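S.K.: Let me begin by handing over the structure; questions about it come next.
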């Protein structure tokens, strides 16, 4: 089955710890994205990547880091520098070509809670 | 700066009603507009994508229209069912790389 998988579904972190959220897609999509969703707010873009070994900051990149070593994978690390990391994190991907004109497809999300 | 607004924030209707959800955006220079559905605790499911050159798209009981000049889109749901209960999000693509989302309309359809 083609799709986007995220793991884990739930993640608990102690203050001061770094955690890494996984995002994998087998859709052969070039572009991948990470969004954060907070109650009562729309999704906000953290980082995005158009091609392997390249990525750009989104609107709220502070306290986060990413890598894009493989086309299929775009992991997100939430560092201890992120002041308020408790949120629902969503990964998305988009087909190649037609930059900005293509549909984005989303994974099931990871809910991160800081204890 | 692009801002996307969805009205109403919440809607509760009896089964069978036809519904209109509204989305407005402040900057008409968009590439496309997407409507999504989100069930509680789940990811987003893409419903319809309207390119900036298009006026509407249809999928089953759903019809989305786009009026770029006035900065508005509507999602029309015909003959609503309890299974349509979810949060509906609209998002605009501006520039090559990101979607800008509204805060959503939470819909409840009761039997």
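Protein chains in written order, with the working numbering: chain A, 1478 to 1592; chain B, 17 to 127. The beta-carbon is built from N, C-alpha and C at its ideal position, and this holds for glycine as well. Quantities reported herein were computed from a predicted structural model and do not represent experimental measurements.
#1: Decide if residue 1528 of chain A is buried, meaning its Cβ has at least 16 other Cβ atoms within 10 Å, or exposed.
#2: Where DSSP assigns a beta bridge to residue 107 of chain B, which residues make up the other side?
#3: Could you name the residues that DSSP lists as bridge partners for residue 1502 of chain A?
#4: Return the CA-CA distance between residue 1561 of chain A and residue 32 of chain B, expressed in angstroms with no decimal places.
#5: For residue 117 of chain B, return the contacting residues in chain A, with the cut-off set at a CB-CB distance below 7 Å.
#6: From A:1480, A:1518, A:1507, pick the residue whose C-alpha is nearest to that of residue 1547 of chain A; which is it?
#7: Compute the beta-carbon to beta-carbon distance between residue 1563 of chain A and residue 1540 of chain A, rounded to the nearest angstrom, for a pair I have assumed lies under 8 Å.
#8: Name the chain A residues whose beta carbon is nearer than 8 Å to that of residue 50 of chain B?
#9: Measuring alpha carbon to alpha carbon, tell me which residue in A:1485, A:1553, A:1545 is nearest residue 1538 of chain A.
#10: For residue 1496 of chain A and residue 1521 of chain A, what's the separation of their Cα atoms in angstroms?
#11: Within 9 Å of any Cβ in chain B, is that where the Cβ of residue 1588 of chain A sits?
M.R.: Walking through what the data contain:
#1: For this step, residue 1528 of chain A is matched to residue 51 along the first chain. Exposed, since its Cβ has fewer than 16 Cβ neighbours within 10 Å.
#2: Here the question's residue 107 of chain B lines up with position 91 in the second chain. Note: residue 107 of chain B sits in a beta bridge opposite B:50, B:117.
#3: In the first chain, the residue the question calls residue 1502 of chain A occupies position 25. Here residue 1502 of chain A is bridged, per DSSP, to A:1481.
#4: In the first chain, counting from the first residue as 1, residue 1561 of chain A sits at position 84. In the second chain, counting from the first residue as 1, residue 32 of chain B sits at position 16. Going from the Cα of residue 1561 of chain A to the Cα of residue 32 of chain B covers about 42 Å.
#5: As a first step, residue 117 of chain B is located in the second chain; it is residue number 101 there, counting from the start. Here the neighbours are 1519, 1520.
#6: Stepping through the first chain from its first residue, residue 1547 of chain A is reached at position 70. Residue 1547 of chain A has its Cα closest to that of A:1507, out of A:1480, A:1518, A:1507.
#7: Taking the first residue of the first chain as 1, we reach residue 1563 of chain A at position 86. Taking the first residue of the first chain as 1, we reach residue 1540 of chain A at position 63. In fact, because the Cβ distance is near 12 Å, the residues do not count as touching under 8 Å.
#8: Your numbering for residue 50 of chain B matches position 34 in the second chain. Near residue 50 of chain B (Cβ distances below 8 Å), the residues of chain A are 1580, 1581.
#9: Position 61 of the first chain holds residue 1538 of chain A. Closest by alpha carbon: A:1553.
#10: For this step, residue 1496 of chain A is matched to residue 19 along the first chain. For this step, residue 1521 of chain A is matched to residue 44 along the first chain. If you take the alpha carbons of residue 1496 of chain A and residue 1521 of chain A, they lie about 19 Å apart.
#11: Reading the first chain from its first residue, position 111 is the one you call residue 1588 of chain A. So yes, residue 1588 of chain A belongs to the interface.
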